[in-house]
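Visitor: Here's a structure for you.
There are 2 protein chains.
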Amino acid sequence: MNMHKQHQLVKKEKKINSEGPVMNTRAITPRATDYSQWYLDVIAAAELSCNSPVRGCMVIKPNGYAIWENIQRVLNGMFREKNVQNAYFPLFIPISFLEREAEHVAGFAKECAVVTHHRLQLENGKLVPASPLEEPLIIRPTSETIMYSTFADWIKSHRDLPLLINQWANIVRWEMRTRPFLRTTEFLWQEGHTAHATNDEASDFTLQMLEVYRRFVEDYLAIPVICGKKSESEKFAGAVFTTCIEAMMQDGKALQAGTSHLLGQNFAKAFNVKFLNSAGAEEFVHQTSWGLSTRIIGALVMVHADDKGMVIPPKIASVKVAILPVWNNADSKQSVMTKAEELARNLNDAGIETVIDRQEGRLGPKSFEWEKKGVPVRIEIGPRDLANDTAVVVRRDTGEKAHKNFAEIAPFVNGLLDEIQKNLFTRAKKYRDERTFSVDSWEEFQRVLEENGGFITAHWCGSADCETQISEKTKATIRCLPFGQPKEEGQCVFCGKKSESRVIFAKAY
Amino acid sequence: MNMHKQHQLVKKEKKINSEGPVMNTRAITPRATDYSQWYLDVIAAAELSCNSPVRGCMVIKPNGYAIWENIQRVLNGMFREKNVQNAYFPLFIPISFLEREAEHVAGFAKECAVVTHHRLQLENGKLVPASPLEEPLIIRPTSETIMYSTFADWIKSHRDLPLLINQWANIVRWEMRTRPFLRTTEFLWQEGHTAHATNDEASDFTLQMLEVYRRFVEDYLAIPVICGKKSESEKFAGAVFTTCIEAMMQDGKALQAGTSHLLGQNFAKAFNVKFLNSAGAEEFVHQTSWGLSTRIIGALVMVHADDKGMVIPPKIASVKVAILPVWNNADSKQSVMTKAEELARNLNDAGIETVIDRQEGRLGPKSFEWEKKGVPVRIEIGPRDLANDTAVVVRRDTGEKAHKNFAEIAPFVNGLLDEIQKNLFTRAKKYRDERTFSVDSWEEFQRVLEENGGFITAHWCGSADCETQISEKTKATIRCLPFGQPKEEGQCVFCGKKSESRVIFAKAY
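What follows is the structure, encoded as structure tokens:
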């Protein structure tokens with residue numbers, strides 16, 4: 438290669454790497470080398486988020502936020518089917534509200550951001566807080582208290598029930614150790630809050646919303662989950678019971694992907710949320726709350742991404758197809774671009790969101806860019822392909838390539854997107870099932886956890902003491918008491934006492 | 438009316454009034470009696486928002502939030518056409534960031550909520566703030582500083598420009614006197630922030646986004662606006678210049694409905710946002726920011742609502758048609774409901790969002806409910822209408838009724854919605870134009886403002902001193918220096934010095 442050519446190459450690559458506002462050129466650490474670093478590298482390479490100057494807070498970049506917007510769109514549709522309405526409640530909660538529900542305050546007091554002043558003033562050239570508030574306010578760590586104090590005004594009669602409200606909001610929990618998406622001081626979520634006339638109805642709605650989450654996470658995010666109930670010590674602060682969906686990450690650890698609580702009348706009593714029943718008597722309402730957060734984007738990375746970067750399931754990807762035209766000279770550029778535009782039009786008309794990468798440059802680096810961003814399908818078109826009236830269709834999940842005539846590309850891609858969606862789910866489920874171990878002795882429990890990680894299904898006597906000791910000794914916690922588990926006589930894996938069914942243990946995020 | 442009948446009536450009305458979670462039964466104070474109370478009454482009657490237990494913060498109820506979601510949907514589409522991408526930045530801003538841009542800190546320091554602690558602990562049975570932060574954080578009153586400190590990392594080369602980012606977020610400004618939507622301690626908005634290679638491009642983009650706002654507010658919200666530039670004293674803290682769209686409310690006062698700023702290199706210098714130009718030299722970027730908030734919902738009320746309640750322009754209404762079936766007995770109920778459902782299907786199939794009010798009750802109260810909520814079109818169906826194969830179509834803006842055969846209703850309503858949209862705009866424009874006065878003397882200025890209110894177009898010499906004195910004496914401020922104003926030699930309405938064109942004065946929200 439002569440100097441001139443080499444120079445050109447470098448110039449081209451530079452152009453590509455500096456295109457766009459948020460390019461990252463670091464190589465991705467392989468999972469096998471350093472899983473934690475791999476996670477951070479994928480997020481950087483796919484431009485999902487970056488650090489902010491505020492401790493523990495991240496910036497969600499356009500690529501990451503686009504995933505969140507798609508999550509919002511799909512979930513809003515599912516919530517509407519349940520007659521849930523969106524509303525917005527204040528960011529601030531008076532401290533006294535938190536005090537009203539004893540378990541709730543214990544659960545959240547240690548991680549509250551507290552607003553104490555409402556003005557800044559200059560003092561010796563520095564801005565300092567001025568004008569203290571009469572009652573300090575906390576930034577919502579969750580909105581039960583602020584919402585239910587208002588529900589008390591809204592609900593008068595049984596005809597006002599059920600009240601089904603959802604809020605999309607930012608939440609603050611002061612976390613000591615943070616990781617992008619998985620655990621940040623501020624995060625985004627939706628929180629549903631409902632009030633019902635009877636316990637049965639509330640309990641049923643709790644499970645209906647868990648099923649909404651299951652359906653969403655499995656069908657759209659292609660993440661297989663286990664539905665179940667939390668143990669007493671893992672339940673939400675103030676709930677009667679907590680249900681959850683649990684997913685396995687590629688390091689065998691569990692991540693709670695969504696949660697739905699039956700609150701019973703605990704908060705209703707604390708906030709005096711009553712209704713007149715049809716017999717004219719006053720009763721406290723029965724409540725539920727349920728939430729899913731930007732944490733799920735962390736799960737999306739940790740379930741589907743690989744050593745080449747992000748892999749976005751087609752149903753949640755904003756860009757489903759990237760067309761990558763390449764050319765040798767001005768003439769071939771024109772004919773390749775014309776074809777690329779025609780193809781993009783066809784695909785977009787068929788409802789398949791498609792973009793064209795119009796950058797100068799070789800196929801390699803262009804392809805690499807879209808691969809690490811996780812776009813489900815790439816279509817490469819060069820002058821030689823054009824001569825054959827074909828293009829190369831590459832799927833992100835397997836890397837498999839297919840040469841296709843232009844006329845057959847749209848229907849082929851349509852089917853391919855379905856296939857990728859299914860494959861991602863199947864692959865993740867296979868991964869999970871292969872790392873789920875039925876264990877019957879404490880020795881085996883420790884060995885399996887040490888050697889394989891993953892999920893352990895084991896008998897547990899139901900005592901909080903055993904639960905605590907297991908977790909202290911192994912860092913594995915009870916992820917859930919799975920629904921629909923067959924009854925099976927057995928002995929607690931830790932203490933040997935009687936147990937009637939298995940629960941799932943795992944280390945968790 | 439005998440006792441039995443009266444009892445029945447009350448019972449029926451009670452049923453209707455207690456249907457739904459957030460019903461309000463107070464009568465609406467007429468505008469002419471008490472404009473401020475009318476505004477609050479309309480918001481309560483239409484269930485747009487309610488007070489919260491936190492000083493100065495409101496709860497946005499489902500009806501109000503649905504309007505905001507539609508605003509988001511339409512604006513997102515318009516932003517996408519400009520290649521603007523959504524992202525999300527932290528809620529918190531370190532105090533030191535605010536200090537970096539001198540005008541900016543002066544503009545916002547007085548109204549910042551300050552987070553000083555990150556934990557609560559029990560002390561004598563009361564929760565009190567614990568664990569002070571090393572550096573206090575403010576809750577974003579706007580995000581220039583936190584965003585641009587990150588832009589400095591994102592932007593390296595001229596190829597990274599323009600960077601076009603938008604954020605949907607909650608904002609906190611500690612206001613002493615608050616009013617729902619118009620001025621609340623916490624509010625929702627979108628804030629666009631862009632960086633460009635040249636001043637010309639940034640300046641042009643500032644105006645492009647103002648035009649987006651004009652188009653959105655006029656075409657979707659049916660609110661006529663005047664586009665112009667703010668005077669120096671009214672511009673954004675830290676901007677080179679501020680442009681705005683100004684609308685007139687039904688009490689003749691002005692409301693700024695959207696704003697777009699050229700920030701020049703002020704923030705770029707404060708946050709070191711530089712790029713390498715194509716010649717390889719370092720330059721500071723040129724920036725813009727632009728925003729529109731939930732305040733616009735206050736404008737929507739104050740421009741279109743009447744003494745009967747809210748009036749929502751069809752293009753921003755989630756529910757465009759409410760079908761109100763009424764019946765005498767079980768038989769007629771069935772046939773009327775069947776017809777109502779058929780009609781709702783037809784309208785929804787035609788893309789016209791339609792709901793059926795299935796409540797028991799007389800037509801009057803049912804109709805009144807949907808009237809005060811501002812739904813653009815109501816369709817009344819009773820047994821008698823059914824016999825004639827007709828229904829009564831009522832438009833909200835004029836109250837006009839039309840008897841229509843079922844077969845013609847869908848196309849008729851389609852046209853009617855367009856007509857209502859146009860009429861609301863025309864009516865508001867007529868109202869504004871009739872209350873806009875060209876004034877040439879200080880006496881006339883004071884008299885017109887006193888007697889008529891509204892907008893005054895008058896000559897102004899350009900001095901901040903005159904501006905301040907006018908505002909101190911009359912409470913009217915310069916709303917804007919309108920674009921496209923013809924040059925006209927004249928004399929400052931206050932000091933008599935030379936002026937080359939008129940500006941708009943008004944009292945404002």
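Residue numbers (the numbering used here), protein chains in the order written: chain E, 438 to 946; chain R, 438 to 946.
The C-beta atom is built at its ideal place from N, Cα and C for all residues, glycine as well.
Since we're looking at a predicted model, the values are computed, not measured.
Closer than 7 Å, CB to CB, is Gln391 of chain R near chain E or not?
Guide: This structure leaves residue 391 of chain R out entirely; chain R is present only between 438 and 946.
Visitor: Ile497 of chain E CB to nearest chain R CB: under 7 Å?
Guide: Reading the first sequence from its first residue, position 60 is the one you call residue 497 of chain E. Answer yes: the Cβ-Cβ gap between Ile497 of chain E and chain R drops below 7 Å somewhere.
Visitor: Under three-state DSSP, which class holds Trp605 of chain R?
Guide: Counting from one through the second sequence, the residue named residue 605 of chain R turns up at place 168. Shown here, Trp605 of chain R sits in a strand according to DSSP, grouped into three states.
Visitor: Per DSSP, Ile907 of chain R is paired with what?
Guide: Residue numbering aside, residue 907 of chain R sits at position 470 when the second sequence is read from its first letter. Listed as beta-bridge partners of Ile907 of chain R by DSSP are no residues whatsoever.
Visitor: Measure the C-alpha to C-alpha separation of Glu504 of chain R and Thr835 of chain R and round it to an integer number of angstroms.
Guide: Locating residue 504 of chain R in the second sequence gives position 67, where the first residue counts as 1. Locating residue 835 of chain R in the second sequence gives position 398, where the first residue counts as 1. Note that residue 504 of chain R is Ile in the sequence shown, not Glu. Their Cα atoms are separated by approximately 21 Å.
Visitor: Taking C-alpha atoms, which residue in R:Thr579, R:Lys752, R:Trp727, R:Val930 lies nearest to Ala632 of chain R?
Guide: Counting from 1 along the second sequence, the entry for residue 632 of chain R is found at position 195. Closest option to Ala632 of chain R, Cα to Cα, is R:Trp727.
Visitor: May I have a chain-ordered list of the alpha helix (DSSP H) segments no shorter than 4 residues that lie completely inside the segment 567-635 of chain R?
Guide: 581-591
Visitor: Using 7 Å as the threshold, is the C-beta distance between Asn709 of chain E and Ala589 of chain E below it?
Guide: Taking the first residue of the first sequence as position 1, residue 709 of chain E is located at position 272. Taking the first residue of the first sequence as position 1, residue 589 of chain E is located at position 152. Taking 7 Å as the Cβ cut-off, Asn709 of chain E and Ala589 of chain E qualify as a contacting pair.
Visitor: Ser670 of chain E: which of E:Phe931, E:Val930, E:Glu926, E:Ser908 sits nearest, CA to CA?
Guide: On the first sequence, residue 670 of chain E is found 233 positions in, with the first residue counted as 1. For the residues E:Phe931, E:Val930, E:Glu926, E:Ser908, the minimum Cα distance to Ser670 of chain E belongs to E:Ser908.
Visitor: Is there a C-beta anywhere in chain R that falls below 7 Å from the one on Cys917 of chain E?
Guide: Here residue 917 of chain E corresponds to residue number 480 of the first sequence, with the count starting at 1. It does not: the Cβ of Cys917 of chain E has no partner Cβ on chain R nearer than 7 Å.
Visitor: Taking C-alpha atoms, which residue in E:Val876, E:Ala707, E:Leu512 lies nearest to Arg651 of chain E?
Guide: Mapped onto the first sequence, residue 651 of chain E falls at position 214. Nearest option by C-alpha distance: E:Leu512.
Visitor: Let me check you understand the geometry: is the CB of Gln928 of chain E closer than 6 Å to at least one non-hydrogen atom of the ligand MN?
Guide: Because no ligand of any kind appears in the structure shown, any question about the ligand MN cannot be addressed here.
Visitor: When the Cα atoms are used, what is the spatial distance from Gly501 of chain E to Met685 of chain R?
Guide: Within the first sequence, numbered from 1, the residue matching residue 501 of chain E stands at position 64. Within the second sequence, numbered from 1, the residue matching residue 685 of chain R stands at position 248. Each residue's Cα considered, the two are about 40 Å apart.
Visitor: So, does the CB of Ser726 of chain R fall closer than 7 Å to a CB anywhere in chain E?
Guide: Position 289 of the second sequence, counted from the start, is the residue given in the question as residue 726 of chain R. It does not; no Cβ of chain E falls within 7 Å.
Visitor: Name the residue from R:Lys711, R:Lys706, R:Gly701, R:Leu647 whose alpha carbon lies nearest to the alpha carbon of Glu683 of chain R.
Guide: Taking the second sequence and counting its residues from 1, one reaches residue 683 of chain R at position 246. Checking every option, the nearest Cα to that of Glu683 of chain R belongs to R:Leu647.
Visitor: Return no unless some Cβ of chain R is closer than 7 Å to the Cβ of Arg620 of chain E.
Guide: Locating residue 620 of chain E in the first sequence gives position 183, counting from the first residue. For Arg620 of chain E, the answer is no, since every Cβ of chain R falls outside 7 Å of its Cβ.
Visitor: Check the Cβ-Cβ distances between Ala705 of chain R and every residue of chain E, and say whether any is below 7 Å.
Guide: Here residue 705 of chain R corresponds to residue number 268 of the second sequence, with the count starting at 1. Not one chain E Cβ lies under 7 Å of Ala705 of chain R.
Visitor: Okay, do the segment 534-548 of chain R and the segment 507-523 of chain E touch, 3+ Cβ pairs below 8 Å being the bar?
Guide: no
Visitor: With a threshold of 7 Å between beta-carbons, can Phe805 of chain E be considered close to chain R, or not?
Guide: As a first step, residue 805 of chain E is located in the first sequence; it is residue number 368 there, counting from the start. Output row for Phe805 of chain E: interface = no.
Visitor: Measure the alpha-carbon distance for Val459 of chain E versus Ser489 of chain E and round it to whole angstroms.
Guide: Numbered from its first residue, the first sequence carries residue 459 of chain E at position 22. Numbered from its first residue, the first sequence carries residue 489 of chain E at position 52. Note that Val459 of chain E scores 39 on pLDDT, short of 50, meaning its location in the model is unreliable and no value can be drawn from it.
Visitor: Could you spell out where the beta strand (DSSP E) holding Ile532 of chain E opens and where it closes?
Guide: Position 95 of the first sequence, counted from the start, is the residue given in the question as residue 532 of chain E. Counting along the chain, Ile532 of chain E falls outside any beta strand (DSSP E), though it belongs to the alpha helix (DSSP H) covering 532-536.
Visitor: Considering only the beta carbon of each residue, do Thr725 of chain E and Ala639 of chain E sit closer than 7 Å?
Guide: Position 288 of the first sequence, counting from 1, holds the residue named residue 725 of chain E. Position 202 of the first sequence, counting from 1, holds the residue named residue 639 of chain E. Pairing Thr725 of chain E with Ala639 of chain E gives a Cβ-Cβ distance under 7 Å.
Visitor: Between Lys910 of chain E and Lys944 of chain E, how many whole angstroms is the CB-CB distance? I'm expecting something under 8 Å.
Guide: Translated into the one-based positions of the first sequence, residue 910 of chain E becomes position 473. Translated into the one-based positions of the first sequence, residue 944 of chain E becomes position 507. Contact doesn't hold; Cβ gap of about 12 Å is too wide.
Visitor: Starting from Pro762 of chain E, trace the alpha helix (DSSP H) both ways and give me its first and last residue.
Guide: Sequence index remark: in the first sequence, residue 762 of chain E carries index 325 (1-based). Not the alpha helix (DSSP H): Pro762 of chain E falls in the beta strand (DSSP E), residues 758-762.
Visitor: Based on Cα-Cα distance, which residue from R:Ile530, R:Ile602, R:Arg916, R:Cys932 lies nearest to Lys690 of chain R?
Guide: One-based indexing of the second sequence puts residue 690 of chain R at position 253. The residue with the shortest Cα to Cα distance from Lys690 of chain R is R:Arg916.
Visitor: To the nearest angstrom, how far is the alpha carbon of Glu790 of chain R from that of Gln906 of chain R?
Guide: Taking the first residue of the second sequence as position 1, residue 790 of chain R is located at position 353. Taking the first residue of the second sequence as position 1, residue 906 of chain R is located at position 469. Roughly 51 Å separates the two Cα atoms.
Visitor: Which same chain residues, not among the five before or five after His554 of chain E, have their C-beta less than 7 Å away from its C-beta?
Guide: Mapped onto the first sequence, residue 554 of chain E falls at position 117. Cβ within range, chain order: Pro566, Ala567, Ser568, Pro569, Leu570.
Visitor: Between the Cα of Phe843 of chain R and the Cα atoms of R:Arg832, R:Ile818, R:Gly852, R:Lys859, which residue gives the shortest distance?
Guide: Locating residue 843 of chain R in the second sequence gives position 406, where the first residue counts as 1. Comparing Cα-Cα distances from Phe843 of chain R to each of R:Arg832, R:Ile818, R:Gly852, R:Lys859, the minimum goes to R:Ile818.
Visitor: Just list the residues that DSSP pairs Asp743 of chain R with in beta bridges.
Guide: Taking the second sequence and counting its residues from 1, one reaches residue 743 of chain R at position 306. R:Gly746.
Visitor: Is the CB of Arg556 of chain E under 7 Å away from at least one CB in chain R?
Guide: Position 119 of the first sequence holds residue 556 of chain E. At least one chain R Cβ lies under 7 Å of Arg556 of chain E.
Visitor: Kindly indicate which three-state DSSP category Met646 of chain R falls into: helix, strand or coil?
Guide: As a working note, residue 646 of chain R is residue 209 in the second sequence. In this structure, Met646 of chain R counts as helix in the three-state DSSP scheme.
Visitor: Check distances from the C-beta atoms of the segment 530-545 of chain E to those of chain R and list, in chain order, the residues that come in under 9 Å.
Guide: Cβ contacts with chain R: Ile530, Pro531, Ile532, Ser533, Phe534, Leu535, Glu536, Val542, Phe545.
Visitor: Comparing C-alpha positions only, which one of E:Ser804, E:Val738, E:Ile733, E:Ala736 sits nearest to Leu761 of chain E?
Guide: Working through the first sequence from its first residue, we reach residue 761 of chain E at position 324. Considering only alpha carbons, the answer is E:Ser804.
Visitor: Using 8 Å as the threshold, is the segment 612-623 of chain R in touch with the segment 580-597 of chain R, meaning 3 or more CB pairs across them?
Guide: Per the Cβ contact rule, the segment 612-623 of chain R is not in contact with the segment 580-597 of chain R (fewer than 3 Cβ pairs under 8 Å).
Visitor: I want to know whether the segment 476-484 of chain R touches the segment 735-749 of chain R - three or more CB-CB distances under 8 Å.
Guide: yes
Visitor: From this set, E:Ala674, E:Thr643, E:Thr679, E:Leu692, which residue's C-alpha is nearest Val662 of chain E's C-alpha?
Guide: Residue 662 of chain E sits at position 225 when you count from the first residue of the first sequence. Nearest Cα to Val662 of chain E within the set E:Ala674, E:Thr643, E:Thr679, E:Leu692: E:Leu692.
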